[in-house]
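Engineer: Please find one structure pasted underneath; my questions will follow.
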């Protein structure tokens, strides 16, 4: 991306912001707390690029959702919490807000009380605090497709499938290498629980932020001779882990990455050291899916594609953005079916998300067969039972190497409820019922 | 302690020493500037990022490796002279805190400029150095780290020779000893500062290439200053030898601490252990192990 292309982007973004102040009656608006500069810009440009590309596709191809045009504007956060909140304050007065999608754990945490007061959904696809899965306590927060506990269960189930079944995990040695942050530590108790349940030996080793030095951790791993290492990393920690694994002689094909260690940005800097590395994902990468091809043809063909570098179309973050777009748009569509084809309130869109049920047939109809599996959100289950798959890096691209795998939701639900109920008690929140969830604010 | 345990200690120690050399590489850039101008250049990390990003972007655009290296060096020279002319020269005789704040601001400007010019994508950097480990007496040693240590040693030798056996090096040392005396005997301080910023740019380029090959060329490269700061505190801000010895001590001790103390306190201690060690040294020797003691007449 050159200096002049940045200027062009800035001009377009400014135009969007100016345009957003004039959202028309039949427009549904998405405020985007994006990050296109700073340390995590590579992920931000991919995700928000994919999201905007899908919104554009709906506008160009379908004329919006049942005639209601989709509008959006961006505010730069650089992935910083205070800037994310500042953008929220700046954009929240725009009319017709459908949902917030910050793609940042920190910003999402800072917004929970605010969006609950506003009665507007907050989408934290594949991330966020696990107990927000419990819609009884968190009516407006949706960690769609995958929360950290489900991710943990999915990874353990995948390792079990490689070993020949869950009973074969007994006696195996698994090391979890995690980022030294609340995000990294969130799954510690779940790995311990699964270790006790299935009888595998477990060591959990912390890598201090940012993770650009891991010699000590990998020498410790080498001494332990684990069967698998689970990489729960973020940013620069991921390629450094893969490179240091190579230096200490640990095979990449026995390293399993979590959902924030699964992008091209995590493996390309590691070069050959990443060959054979496998990572969990909720959405496949690549361009072969009809919806991605339609975006290429319709949106990029029309000169409205959001990615400057077209080689990134179909990358992990771009496809995640597209899937996020599908889920947001379908929630609006479902809510419209109940409340009418017009600009909806945030609470009406919340109702739409709480009825977001896309079975494999509907996913196929949306052109996303094999891009993601399905989702089944309800008023009390805001994750929606997302399935996961695993992809392996061959040095140039990711290849899917597993079927769609279901995490052990039944095992995890009581732990989630225990945490959310404690939160409700601490904050004095009344636990919702199904009737409460059906009561919708329409103005 | 079994033989295997002993080998493991040695392995951790060697790995730590080699990592320490990489910290020293960054620290030397700080020392060069501080030694001659008394400025703690917080922008050194950003310069490392800028150099690596410029180099890798040129290579990815099809420019040959050697030519890219040359162009990047020219860019770093231009950057060094520009910083000296536009930021530091107008701030001559200001307090050290003012100068430090100026370089802090400068680091944000350089980081922003790097992303504005070259984009935000993460890049791999292959220097053609094989990184598969080899075994010596049961200990795995990284060939990349070993070569990086050799390059660092060569650079230190080159800089030392430059300082001790050239006229400009002599002028550097004169300025480092006493700026006013150097000025009084006719040395042109702006020219010397410009040259020293060029040298710091060169060090940033070398550090950027080696760290870039290790981490990938991405924004986080600028965070490696966090590894250099305890090295400087421990070794002394104005000693190249201190930067080397400090790097080795920090690298080895933080790795040993992580492996042997970490499990007792929940792990992940190497990030702050280096600073704790530097603080202890600071209490005993405020100028660091090799830093020049400041004596002021009051």
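Protein chains in written order, with the working numbering: chain A, 71 to 513; chain B, 31 to 328. Just so you know, even glycine gets a beta-carbon here, dropped at the ideal spot from N, CA and C. Keep in mind the model is a prediction, meaning the values are calculated, not measured.
(1) What do you get for residue 213 of chain A, buried or exposed, if any count of 16 or more other CB atoms within 10 angstroms of its CB means buried?
(2) Along the stretch 200 to 222 of chain A, what residues have a CB closer than 9 Å to any CB found in chain B?
(3) So is residue 133 of chain A buried or exposed if we call it buried at 16+ other beta carbons inside 10 Å?
(4) Compute the Euclidean distance between the alpha carbons of residue 189 of chain A and residue 510 of chain A, then round it to the nearest angstrom.
(5) Enumerated in chain order, which unbroken segments of the alpha helix (DSSP H) with a length of 4 residues or greater are wholly contained in the stretch 122 to 185 of chain A?
(6) Nearest to residue 255 of chain A by CA position, among A:405, A:234, A:219 and A:128, is which residue?
(7) Cutting at 8 Å between CB atoms, please list the residues of its own chain near residue 163 of chain B, excluding the five before and the five after it.
(8) Using beta-carbon positions only, say whether residue 258 of chain A and residue 284 of chain A come within less than 8 Å of one another.
(9) With distances taken between CB atoms, is the gap from residue 74 of chain B to residue 234 of chain B smaller than 8 Å?
(10) Measuring only the C-alpha atoms, how far is residue 293 of chain B from residue 96 of chain B?
(11) Confirm, please, whether the CB-CB distance from residue 239 of chain A to residue 229 of chain A is below 8 Å.
(12) For residue 159 of chain B, would you say it is in contact with chain A, using Cβ-to-Cβ distances shorter than 8 Å as the test?
(13) Name the one or two DSSP bridge partners that residue 327 of chain A has.
(14) Tell me whether residue 128 of chain B is buried or exposed, calling it buried when 16 or more other Cβ atoms sit within 10 Å of its Cβ.
(15) State the start and end residues of the unbroken beta strand (DSSP E) segment that holds residue 324 of chain B.
(16) For a contact defined as C-beta to C-beta under 9 Å, what are the partners of residue 170 of chain B on chain A?
(17) If contact is defined by three or more beta carbon pairs under 8 Å, each pair taking one atom from either stretch, is the stretch 282 to 302 of chain B in contact with the stretch 34 to 54 of chain B?
(18) Are the stretch 482 to 496 of chain A and the stretch 374 to 394 of chain A in contact at 8 Å, needing three or more beta carbon pairs?
(19) Are there 16 or more other CB atoms within 10 angstroms of the CB of residue 165 of chain B, so buried, or fewer, so exposed?
(20) Mind the definition here: the stretch 52 to 72 of chain B touches the stretch 123 to 138 of chain B only if three or more C-beta pairs lie below 8 Å; say whether that holds.
(21) Relative to the C-alpha of residue 169 of chain A, which candidate in A:428, A:400 and A:271 has its C-alpha closest?
(22) With 8 Å as the threshold, decide whether the Cβ of residue 277 of chain A is near any Cβ in chain B.
(23) Residues of chain B with a CB under 8 Å from the CB of residue 461 of chain A: which are they?
(24) Pairs of beta-carbons, one from the stretch 297 to 304 of chain B and one from the stretch 229 to 248 of chain B, closer than 8 Å: are there three or more?
(25) Does DSSP classify residue 296 of chain A as helix, strand or coil?
(26) Below 8 Å between beta carbons: does that hold for residue 158 of chain A and residue 110 of chain A?
(27) If you reduce the DSSP assignment to three classes, tell me which class residue 459 of chain A lands in.
(28) Anything in the stretch 231 to 252 of chain B with a Cβ closer than 9 Å to a Cβ of chain A? List those residues in chain order, please.
(29) Does residue 150 of chain B come within less than 8 Å of chain A when only Cβ atoms are used?
(30) Can a CB atom of chain B be found closer than 8 Å to the CB of residue 242 of chain A?
(31) Sorted by chain position, which residues of the same chain lie with C-beta nearer than 6 Å to residue 66 of chain B's C-beta, five sequence neighbours on each side aside?
(32) Please return the same chain residues whose Cβ sits closer than 7 Å to the Cβ of residue 423 of chain A, not counting the five positions on each side in sequence.
(33) Would you list, in chain order, the members of the stretch 303 to 314 of chain A that have their beta-carbon closer than 8 Å to a beta-carbon of chain C?
(34) Is the distance from the Cβ of residue 81 of chain B to the Cβ of residue 155 of chain B below 8 Å?
(35) Can you pull the chain B residues whose beta carbon is under 8 Å from the beta carbon of residue 343 of chain A, in chain order?
(36) DSSP three-state call for residue 80 of chain A: helix, strand or coil?
Structural biologist: Inspection of the coordinates gives the following:
(1) buried
(2) none
(3) exposed
(4) 10 Å
(5) 151 to 161
(6) A:219
(7) 170, 171, 172 and 173
(8) no
(9) yes
(10) 46 Å
(11) yes
(12) no
(13) A:301 and A:349
(14) exposed
(15) Element bounds for residue 324 of chain B: n/a, residue is neither H nor E.
(16) 289, 292, 317, 318 and 319
(17) yes
(18) no
(19) exposed
(20) yes
(21) A:400
(22) yes
(23) Those within 8 Å of residue 461 of chain A in chain B number zero; the least Cβ separation is about 18 Å.
(24) no
(25) coil
(26) no
(27) strand
(28) 241, 242, 243, 244, 245, 246, 247, 248, 249, 250, 251 and 252
(29) yes
(30) no
(31) 202, 205, 206 and 226
(32) 191, 212, 401 and 447
(33) Among the chains of the structure shown, chain C does not appear; the protein chains present are A and B.
(34) no
(35) 161
(36) Confidence is the limiting factor: at residue 80 of chain A the pLDDT is only 48, short of 50, which leaves the residue's position unreliable and the question unanswerable from this model.
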